[in-house]
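Be aware that the sequence shown starts at 835, since it is given in this note's numbering, and climbs by one per residue. Using N, Cα and C, we set each Cβ at its ideal position, and we do this for glycine too. Take a look at the structure below.
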Amino acid sequence: MPDDVSTDEMNDPFWSVVHRRHPDLDIVLLPPERPAPAMSGLPERAPGPFAQLQLTDADDLWRMLVGHGMPRREARWIPGPTRDSVRHAITLTLAGVGTPAGIEHLREARGALTADGWHLFIPPTGTPRIMADRAGELGAEELLAGFDAEHGRLFIRLTSTGLPVGVDRARELIGAAA
């Protein structure tokens, strides 16, 4: 390393430490900045009809996995896998479920979800739950089914695959959900 290290380099918090720890170094290579998410390259689709289909899918899953009750429904848009896409997340929650019934619903859900093409992961500890996914056009569709025994709540969260809507529309939908 040259002896003529500039004063600016010695006063810089980063370079002064580099020079002190590695006096033989002439150059430092840093990893490249993380690239911005890519564009999907897919045609834009209307979010309204897609959201309605997702709500229908969530209701169908509820009927298949639980089969009773009127769950509280929450839906929102979240960022998708690309800058021009969003995902639709729907949570259905039923309160007042006893522990034996909640656990039994989850046990029965295993077979039903596998038969319906879902790939399951059942964490061995923590809140009783099933995490599942299946391939979609732009990323994976994800499902979380669980039981909150402390509060007696059975829940299902269905998160769609990415939906290409354009960068501006994606920002608008995600911003409206915040």
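Short Cβ contact (8 angstroms threshold) for residue i with residue j
i       : j      : result
Phe981  : Pro962 : yes
Leu889  : Ile937 : no
Leu992  : Ala946 : no
Trp952  : Leu972 : no
Ala974  : Thr916 : no
Ala802  : Leu940 : Past the edges of the chain, shown from 835 to 1012, lies residue 802, and the structure says nothing about it.
Thr995  : Gly970 : yes
Ala1004 : Gly914 : yes
Ala966  : His922 : no
Nonlocal neighbours in the same chain, by C-beta distance under 7 angstroms from residue i, ignoring five residues either side
i      : result
Arg879 : Leu997, Pro998 and Val999
Chain B within 8 angstroms of residue i, Cβ atoms only
i      : result
Val900 : As a matter of chain content, chain B is missing from the structure shown, which is built from one protein chain.
Outcome for residue i when other beta-carbon atoms lying within 10 angstroms are tallied against a minimum of 16
i      : result
Ile861 : exposed
Ala943 : buried
Ile912 : exposed
Leu864 : exposed
Leu859 : exposed
Pro836 : Note on Pro836: pLDDT 49, under 50, position unreliable in the model; no value is reported.
Same chain, Cβ closer than 6 angstroms to residue i, five either side skipped, listed in chain order
i      : result
Val931 : Gly986 and Leu988
Arg906 : Thr927
Ala983 : Thr933
Distance between beta carbons of residue j and residue i, contact taken as under 8 angstroms
i       : j      : result
Val920  : Pro881 : 7 angstroms
Ala892  : Leu926 : 6 angstroms
Val1001 : Asp918 : 5 angstroms
Three-way DSSP call (helix, strand, coil) for residue i in this model
i      : result
Trp911 : strand
Leu997 : strand
Ser850 : helix
Glu984 : coil
Glu975 : strand
Ala880 : coil
Ile937 : helix
Beta-carbon proximity list for residue i, same chain, < 8 angstroms, skipping 5 on both sides
i      : result
Thr948 : Leu954
Check: residue i C-beta below 7 angstroms from any heavy atom of the ligand SAM
i      : result
Leu988 : This structure lacks the ligand SAM; in fact it carries no ligand of any kind.
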